[in-house]
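See below for the structure under consideration.
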Amino acid sequence: MNQNMTQDEAQSMRDLANFLAQNPGVAQQVSNILSGKNTSTTEVNNTETATTTNKTSTTSKTSTSPENTKGAPSEESTSENTQEQDIDNNAFKNVEQQAFPLTPEQIKELNNMLDETQRAQAAAPHDSPPQPLSSSLMVSLSPGSTPPVIRLSRGFVSSLVFVDSTGAEWPIESYDIGNPSAFNITWDKKSNTLMIQAHSGYTYGNLAVKLQNLNTPVMLTLIPGQKVVDYRIDLRIEGLGPNAKPGSMQFSGLPSQADPVLLNILDGVPPEGAKRLSVSSSVVQVWVVNDKTMYIRTAFTLISPAWLSKMSSADGMNAYQLQVTPMLLLSRYGKVLQIKVEGL
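Just so you know, we're using my numbering here: the sequence shown kicks off at -4 and counts up by one.
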């Protein structure tokens, strides 16, 4: 290697040699180009020799002075150098094009396009995640009643929890789906909960659920592609299931159907016109309607005063209806808590 070559030039030569070794196609192309260069150089040299002979003959006829033989470089030599330089430039450009076919700006643009495409493919139909909601629904099995609607969204799992009028678990016996290819349902074969998700964005369907000791199936309508998704929904069936809680009834006997006001209280929604009252503990929420009826929402058990009606959810939350009182006694895990109600 030339001793006058700098370290950077030597490293560049080594990098080029390694690249050509790893890319035989490019190496062959460079070899072909260089072979063409040598052929062209030979032809130029032959032409130069012939031209020089003629020129020498002519010069000998016209003058033999030393001045005529020491002039500037011949045009043939300059042309040869230019052709060699062009061949070198073309060879370098071909290697550069093979090794780096795209400019840095083009690579950045392609990366941005790929990112935008992947983002668009993964985006929800409404350009934002659906709003999650947990709620309770009363299910009527009477002829002519409208089946409850379950709101779904592709990529989101919804849980359906079946309970009776007392809030106790009502085990599932079996189920059937109207469009199996559009929905996926998971059930552990023993509990009262179904996990369901939609495969399609807008394919509707329905679901029939058979509960233990209940002859009438519970019919549900499944609607995917919604902006609001039922993450968890407690489906309260009229009547007493096999796991009904004792003591969860009105003093006047079981109601003909679940109380919609208490059902809303379980979800934390007070009745229309209700006034929120202040209490001495955060374990209970209290509302009063018309200064006569009081509604309580708590995970504790109300001991005193006596309640008029009660409803419980599958997660252990209780809703009570009772007469107005300034003091409450609650119990949980054997511990009694005294609550003072203010604002009456």
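All C-beta atoms in this analysis are idealised placements derived from N, C-alpha and C, irrespective of residue type, glycine included.
Small disclaimer: the values here were computed from a predicted structure and weren't measured.
Q: Out of M306, L324, D310, state which residue places its alpha-carbon closest to the alpha-carbon of Q316.
A: M306
Q) Are the stretch 121 to 130 and the stretch 213 to 233 in contact at 8 angstroms, needing three or more beta carbon pairs? A) yes
Q: Assuming F151 and P175 form a contact by the criterion Cβ under 8 angstroms, report the distance between their Cβ atoms to the nearest whole angstrom.
A: In this structure, F151 and P175 do not form a Cβ contact; the two beta carbons are roughly 19 angstroms apart against a cut-off of 8 angstroms.
**Q.** Outcome for I291 when other beta-carbon atoms lying within 10 angstroms are tallied against a minimum of 16
**A.** buried
Q. Between T141, V204, I102, which lies nearest to V158 when the distance is taken from Cα to Cα?
A. V204
Q. Just how far apart, CA to CA, sit G277 and N313?
A. The amino acid occupying residue 277 in the given sequence is Ser; Gly does not appear at that position. Going from the Cα of S277 to the Cα of N313 covers about 15 angstroms.
Q: With DSSP as the reference, label T141 as helix, strand or coil.
A: coil
(Q) Can you find the residues in the same chain that come closer than 8 angstroms, C-beta to C-beta, to V331, ignoring five residues on each side of it along the sequence? (A) Taking C-beta separations shorter than 8 angstroms and ignoring five residues to either side along the sequence, the partners of V331 in its chain run I298, L324, L325, following chain order.
Q | Whole-Å CB distance - V213 paired with V134, under 8 angstroms assumed | A | 6 angstroms
**Q.** Three-state class that DSSP yields for A301 in the structure shown
**A.** coil
Q | Cross-strand partners of W282 (DSSP beta bridge) | A | Residue pairing from DSSP places W282 in a beta bridge opposite R271, Y290.
Q: Give the range of the alpha helix (DSSP H) segment to which P255 is assigned.
A: Run containing P255: 255 to 261, per the alpha helix (DSSP H) assignment.
Q | For T77, three-class secondary structure by DSSP | A | helix
Q | C-beta contact flag for N208 and P237 at 8 angstroms | A | yes
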